[in-house]
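Under the working numbering, the first residue of the sequence shown is numbered 1460, with each subsequent residue one higher. Input: a single structure, listed below in C-alpha cells.
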Amino acid sequence: MKINENYLKLEQSYLFTNIGRKVSAYQAEHPDKKIIRLGIGDVTLPLCPAVIDAMHAAVTEMGKAETFRGYGPEQGYDFLRNAVRDYYAQRGVQLKSEEIFISDGAKSDIGNILDLFSADNTVLIPDPVYPVYVDTNIMAGRKILYMDANEKNGFLPLPDPAVKADIIYLCSPNNPTGAVYNRQQLKAWVDYALDCGAVLLFDAAYECFIHDPALPRSIFEIEGARRCAIEFCSFSKTAGFTGTRCGYTVVPEELEFEGASLNKFWLRRQTTKFNGVPYIVQRGAAAVFTPEGQEQIHKNIEYYMENARAIAGAMRNLGIWFTGGENSPYIWLKCPGGRSSWEYFDYLLEEKNIVGTPGAGFGKNGEGFFRLTAFGSREATLEAIERLSK
Ligand code: MLT
C-alpha cells in the first residue's frame, strides 16, 4: 500500500486547528483568564426564529409515517433549490434549479469539486486567501501559482496575461482581507478565464455582507461567467449555519470543457459520493428565503456589521492601518510595532487574552498582518476593543 505522499507536503495541521490547540493550551495553563475569541469566523447569534420554526415543523413531519422522509435527492430538495434560484433572480441572475446543488457547506464543495479536474492542471490562487484552496490542491498534487494580493493592489490582484492557469480561485468579499472586487475587475477575470480556457472557482460565502449596491455579489452578475465559472455559497455566515451545515454550489449548464458538461460531472460525483443534506436542515435553510427569514437574518448581519464598525473605529483611534469591515465581517490589520503575525498572535493571547488569526496563516503576503472577526457577541467585541485600547 502506498500513501498519498502529497499529504507530507502539507503544514502539519490546518490553520484553525493549530490556533485552537494553542488557545486550549494557554487556557489550560491560565484557567482564570477570560479569553475573547475573535479568531475563526464562527457566528455567535442563534438561528433565527423562522429557521427554528421550519426545523421544528420538519422534525414533526419526520415523526409521522405519512410525512416521514428517508433518503432525499443527493443534490437537494426542489423546495430549497427553487428558493435559491429565486434569491438569485431578485438580483437579475437567472439560474435553473438544476444548476444549484445543495451541500453541507462551501468548504466541502470547494475541496470536493477538484474530483472533476485532472491532477495535471495548473492552479492560480491569490495570496493571502482562505487556506482550503491551497491545502486541497496540495493534497491532489497540483502545481500551484500564486498571485500577490498586497497593500499596493488593495488586496485585489488582477489577471496577468503572461501567466496561464487552468483553475482560478477568487474569493469576494475576500477572506481574510475583506477586499471586494468591483464589476469591472470581475469582468477582467471572466475574460481572462475564457481566454485561457480555465475554470473560475468563485467563493461567494460572504456575499450577504456587501452593502454597497454597486458591488457584485455573484460572479454570474458578470457577462460570460456562465461559460467559465462555478460559484460556492453557504448559509454559515448568512444565517448562522456554521454548526447546522448547509451550503450550495452553482454549476451552469453551459460549462463545458473538452466536450464534457461539468454540471453532469458534478451531479454524477454528488450522487455517487454524497447522500444529501438532512431534510430538517434543508427546511431550515429554505426558511431563510421567506420574508420573515430575510428580515431576521438581515438584523443579525447588521449586528455583526455594527461590531465590524466598532473594531474599525478602534483601529482608526489607535492609528493602526487596516482594511475590510465595510462590506465584510473581517478586519485585516497591520500588526503594530512591526511584529510578525504569529508574534502579534502570541502578544494578544498572552497580554490581552484576545484570539485573532495570524495573517501569515493565509499565505506569505499575510505576514505582518492579522485578522479580527466581527462575529463575536457585542459584549465580547466591546471588551476586546477596550483591552486593545489600553
Ligand atoms: C474562517 O475563519 O476563515 C472561516 O470561518 C473558516 C470557514 O468558513 O471554514
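We put the CB at the ideal spot given by N, CA and C, even for glycine.
query: Residue burial classification, Y1707 (beta-carbon count within 10 angstroms, cutoff 16); result: buried
query: Proximity test, D1501 beta-carbon vs the ligand MLT heavy atom, cut-off 7 angstroms; result: yes
query: Coarse secondary structure for W1780, derived from DSSP in three states; result: coil
query: Local Cβ density within 10 Å of I1844, reported as buried at 16 or more and exposed below that; result: buried
query: Helix, strand or coil at I1669 [DSSP, three-state]; result: coil
query: S1695: CB within 7 angstroms of a non-hydrogen atom of the ligand MLT; result: yes
query: Spatial distance of L1841 from S1848 (CA atoms); result: 10 angstroms
query: Interface flag, A1608 vs chain D, CB-CB below 8 angstroms; result: No chain D appears in the structure shown, which is made up of a single protein chain.
query: V1747 vs V1510 beta-carbon contact at 8 angstroms; result: yes
query: Check: F1733 C-beta below 7 angstroms from any heavy atom of the ligand ADP; result: Ligands present in the displayed structure are limited to the ligand MLT, and the ligand ADP is not among them.
query: K1523 Cβ short of 7 angstroms to the ligand MLT heavy atom set; result: no
query: Own chain partners of N1465 with C-beta closer than 8 angstroms, once the 5 adjacent residues on each side are dropped; result: I1597, M1598, A1599 and G1600
query: Euclidean distance between Cα positions of V1543 and A1652; result: 26 angstroms
query: C-beta atoms of R1830 and W1801 nearer than 8 angstroms; result: no
query: Beta strand (DSSP E) segments (min. 3 residues) lying fully within the region 1714 to 1788; result: 1781 to 1783
query: Simplified DSSP state of R1846, which is helix, strand or coil; result: helix
query: Alpha carbon of F1694 to alpha carbon of E1838, nearest angstrom; result: 24 angstroms
query: Opening and closing residue of the alpha helix (DSSP H) in which T1708 lies; result: That residue, T1708, is in no alpha helix (DSSP H); its beta strand (DSSP E) goes G1706 to V1709.
query: Where C1687 sits in the DSSP three-state scheme; result: coil
query: Sheet register partners of L1434 (DSSP bridge); result: Any property of residue 1434 remains undetermined from this structure, which presents the chain solely from 1460 to 1849.
query: Residue nearest to K1400 in terms of C-alpha spacing, selected from R1775, R1727 and E1680; result: Residue 1400 is absent from the model: the chain starts at 1460 and stops at 1849.
query: CA-to-CA distance, Y1763 to D1545, given in whole angstroms; result: 26 angstroms
query: Cβ shell of K1811 (< 6 angstroms), same chain only, five flanking positions each side left out; result: R1846
query: I1696: first and last residue of the uninterrupted alpha helix (DSSP H) it sits in; result: Per the sequence shown, the amino acid found at residue 1696 is Lys instead of Ile. Residues S1695 to A1698.
query: Span of the beta strand (DSSP E), counted from its first residue to its last, around R1830; result: F1828 to T1832
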